[in-house]
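Under my numbering, the first residue of the sequence shown is numbered 117, with each subsequent residue one higher.
Following: one structure in structure tokens, then a few remarks.
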Amino acid sequence: MISGPYNNEELLYIATGSWITQIPETARALAKVSTANDFYLAGWWPGNEGLRGQTLAMTGSLGENKGNITLFANDVAHKAHAQFTYRMLANAIFNK
């Protein structure tokens with residue numbers, strides 16, 4: 117394996133203020149925000165409670181012989197310091 121795996125629970129830096137509200141049945145979530153009350157650890161994000169339990173990354177097929185797509189709601193290379201999200205980018209590039 118070229119890319120790095122994630123544990124079931126990881127920290128992520130999020131700067132975009134966005135998330136994915138629905139994913140197709142043919143897709144699967146790659147990263148979801150915790151549903152715990154203390155999911156948001158630090159920062160300034162008015163309305164961050166809307167993020168709880170939402171999807172941040174998904175992958176799926178575009179159809180037979182049409183390829184695959186991986187979609188991120190967050191910026192996986194934000195200002196080149198998003199330590200915990202670079203694996204997401206590498207995994208999308210090097211894995212099917």
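The beta carbon of each residue, even a glycine, is placed where N, CA and C say it ideally should be.
Secondary structure of residue 172 (DSSP, three-state): strand.
Shown here, residue 147 sits in a strand according to DSSP, grouped into three states. If you draw a 10 Å sphere on the C-beta of residue 172, you find 16 or more other C-beta atoms in it, and that means buried. Sequence-distant partners of residue 151 (beyond 5 residues in either direction) whose C-beta falls short of 7 Å from its own C-beta, in its chain, are 168 and 169. Shown here, residue 128 sits in coil according to DSSP, grouped into three states, outside any helix or strand. Residue range 184–188 is occupied by the beta strand (DSSP E) that includes residue 185.
Residue state for residue 209 is assigned as helix, using DSSP reduced to three classes.
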